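Protein chains in written order, with my numbering: chain A, 1 to 263; chain B, 264 to 526. Heads up: the structure comes next, in structure tokens.
There are 2 protein chains.
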Amino acid sequence: MNLVCGIEYDGTDYHGFQRQAESQGETVQGAIETAIARISGVFSVVHGAGRTDAGVHASGQVIHFHSDALLSSTVWQRALNALLPKSIAVRWTCEAPERFHARFSAISRSYRYTIWNEYAPSPLHARYSYHRPLALDVERMQEACQLLLGRKDFGAFGRSPDETNPNKPGPHHCVRTMLDARCIRDETQTGIIYCDFTADAFLTGMVRRMVGTLLLVGQHRLSLDEFATIVQRAEKTHPGSAAPPHGLCLVRVEYPEQFGVVQ
Amino acid sequence: MNLVCGIEYDGTDYHGFQRQAESQGETVQGAIETAIARISGVFSVVHGAGRTDAGVHASGQVIHFHSDALLSSTVWQRALNALLPKSIAVRWTCEAPERFHARFSAISRSYRYTIWNEYAPSPLHARYSYHRPLALDVERMQEACQLLLGRKDFGAFGRSPDETNPNKPGPHHCVRTMLDARCIRDETQTGIIYCDFTADAFLTGMVRRMVGTLLLVGQHRLSLDEFATIVQRAEKTHPGSAAPPHGLCLVRVEYPEQFGVVQ
Numbered sequence: 001m002n003l004v005c006g007i008e009y010d011g012t013d014y015h016g017f018q019r020q021a022e023s024q025g026e027t028v029q030g031a032i033e034t035a036i037a038r039i040s041g042v043f044s045v046v047h048g049a050g051r052t053d054a055g056v057h058a059s060g061q062v063i064h065f066h067s068d069a070l071l072s073s074t075v076w077q078r079a080l081n082a083l084l085p086k087s088i089a090v091r092w093t094c095e096a097p098e099r100f101h102a103r104f105s106a107i108s109r110s111y112r113y114t115i116w117n118e119y120a121p122s123p124l125h126a127r128y129s130y131h132r133p134l135a136l137d138v139e140r141m142q143e144a145c146q147l148l149l150g151r152k153d154f155g156a157f158g159r160s161p162d163e164t165n166p167n168k169p170g171p172h173h174c175v176r177t178m179l180d181a182r183c184i185r186d187e188t189q190t191g192i193i194y195c196d197f198t199a200d201a202f203l204t205g206m207v208r209r210m211v212g213t214l215l216l217v218g219q220h221r222l223s224l225d226e227f228a229t230i231v232q233r234a235e236k237t238h239p240g241s242a243a244p245p246h247g248l249c250l251v252r253v254e255y256p257e258q259f260g261v262v263q
Numbered sequence: 264m265n266l267v268c269g270i271e272y273d274g275t276d277y278h279g280f281q282r283q284a285e286s287q288g289e290t291v292q293g294a295i296e297t298a299i300a301r302i303s304g305v306f307s308v309v310h311g312a313g314r315t316d317a318g319v320h321a322s323g324q325v326i327h328f329h330s331d332a333l334l335s336s337t338v339w340q341r342a343l344n345a346l347l348p349k350s351i352a353v354r355w356t357c358e359a360p361e362r363f364h365a366r367f368s369a370i371s372r373s374y375r376y377t378i379w380n381e382y383a384p385s386p387l388h389a390r391y392s393y394h395r396p397l398a399l400d401v402e403r404m405q406e407a408c409q410l411l412l413g414r415k416d417f418g419a420f421g422r423s424p425d426e427t428n429p430n431k432p433g434p435h436h437c438v439r440t441m442l443d444a445r446c447i448r449d450e451t452q453t454g455i456i457y458c459d460f461t462a463d464a465f466l467t468g469m470v471r472r473m474v475g476t477l478l479l480v481g482q483h484r485l486s487l488d489e490f491a492t493i494v495q496r497a498e499k500t501h502p503g504s505a506a507p508p509h510g511l512c513l514v515r516v517e518y519p520e521q522f523g524v525v526q
């Protein structure tokens, strides 16, 4: 049985999604694998759609794992939620064909970066947003987002996750397709700005570096022309630093209809 | 100088707003008084509009304190935010006439109780909402809210804060005026239900007991007639238990215009 789960987590206390080769602290993947082994008595590898960094959250991560345990997907959900730490939950479950793979079958991932743009800090928003007290020209950030759309080399904002994988020798390319990119103010909550991105796949650190550079555009410290040049040159040295991880959340992963994965 | 501050806090790790007679853990009032004393060198008593219970949050608490320090309200805000723990912040400050009192000058308080009404738990909502996986008839809860409106004895849902005050011998009455009460689903976030209440003042534990009883109405375990009888009898023994504190937030305190307190 190939079980697919929608996973939500508060990444604050985790060293990212992916289990580490050596023990470098708890990971989301490790916590889910531990719970599965406690339920079925057998270790099953968990595959995630997005390998989120340390401190990054998810409301719509998707995982799959294979198990021979004779449990329905509903029982799996209830059992996992009973055993998982409070910071990780299974939001939905379904069975998928054997060939379904949470990472390789995915056609797009969507990330949301949340900015708290008021002078005073907000303790109730602090856990899931990045506090930027300076004035931000969100319309200009939105214009810059248009320059990110389409299929191009995003080397300016990250590196290929395969670069650090000894089993995947180069060349590693940084070409990805940005399907949607926008910066908007939340109309119902003063002070909240969202930067939303959907792409076929993302480079390591890509959203946080895009946001860091867009913030310079929003502060008028970088013109739209300069932003366009940074994107076009696709070089790793550029003025934008990466925005911190706690503002970032993996919100959605899309799959072809044929797999019947209903989120 | 009588300084008024709008205070936001994450109440998770505090033993309520009010400083305890004996040391029973950290309080919001105590943390603010400590920060003020570090800035001015003198202890000033902090008076809060609402004495929130342990674990209850606030986005719109209002406090005042008197100080002879020659600092502008803007400098006070910056200094306090630099010294306060990350879980407490000063959202705004202003000067008020000497006679202004955060508690006694207030004409109304507004509380919001947030319910997470999905089958699966949500780690990203868990800190600020109460997870109720059962189906809830929110329209019926909204109908019950109409029975709470107006000036009446709310003894069914709490006791007077003065009952435990040895300096305030009885009789203690439980008559309050409910100006607004409603239960609504958040139109932008599936699964979120808000119970919003505005009254001239609230009894200790009142909002949490009202919500606990309204949840029974929403589950059709209590009819509207039975709810009306509970309200009318104003007795302390009734079927609704108090909803837990972490779903509750003090969102707003109103003052007469004459004080010039701009929030």
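Each residue gets a CB set at the ideal place from its N, CA and C atoms; glycine is no exception. Remember, predicted model here, so these are calculated numbers, not experimental data.
Beta-carbon proximity check, residue i vs residue j, cutoff 7 Å
i	j	result
A317/B	G279/B	yes
P133/A	Y119/A	yes
H57/A	G11/A	yes
S129/A	G247/A	yes
R109/A	V231/A	no
T198/A	L215/A	no
P507/B	T467/B	no
C446/B	C437/B	no
Y277/B	E289/B	yes
D416/B	T440/B	no
A234/A	G155/A	yes
A369/B	A312/B	yes
L136/A	G240/A	no
A242/A	R209/A	yes
R341/B	C512/B	no
I326/B	A365/B	yes
Y518/B	V525/B	no
F100/A	N167/A	no
S350/B	F328/B	no
S336/B	T356/B	yes
W116/A	G41/A	no
L84/A	A37/A	no
Helix, strand or coil at residue i [DSSP, three-state]
i	result
H320/B	strand
C437/B	coil
T268/A	What is shown of chain A runs 1 to 263, which leaves residue 268/A out entirely.
R252/A	strand
L148/A	coil
L399/B	coil
E257/A	helix
A35/A	helix
V262/A	coil
T213/A	helix
L487/B	helix
G218/A	helix
E498/B	coil
Q142/A	helix
V291/B	helix
T242/B	The first residue shown for chain B is 264 and the last is 526, placing residue 242/B beyond what the model contains.
P245/A	helix
S40/A	helix
Beta-bridge pairing of residue i - partner residues as DSSP gives them
i	result
T204/A	R159/A
C195/A	Y113/A, C183/A
H131/A	W116/A
G50/A	Its beta-bridge partners do not exist; DSSP assigns none.
V267/B	H327/B, C357/B
D416/B	V438/B
Chain A within 7 Å of residue i, Cβ atoms only
i	result
S322/B	yes
R354/B	yes
A383/B	yes
L334/B	no
P386/B	yes
S392/B	no
Test: residue i CB closer than 7 Å to a CB of chain B
i	result
E8/A	yes
S110/A	no
S87/A	yes
Point to revise | Every unbroken alpha helix (DSSP H) within the region 59–124 of chain A, with a cutoff of 4 residues, ordered by chain | key: Runs of the alpha helix (DSSP H) inside the region 59–124 of chain A: 73–83.
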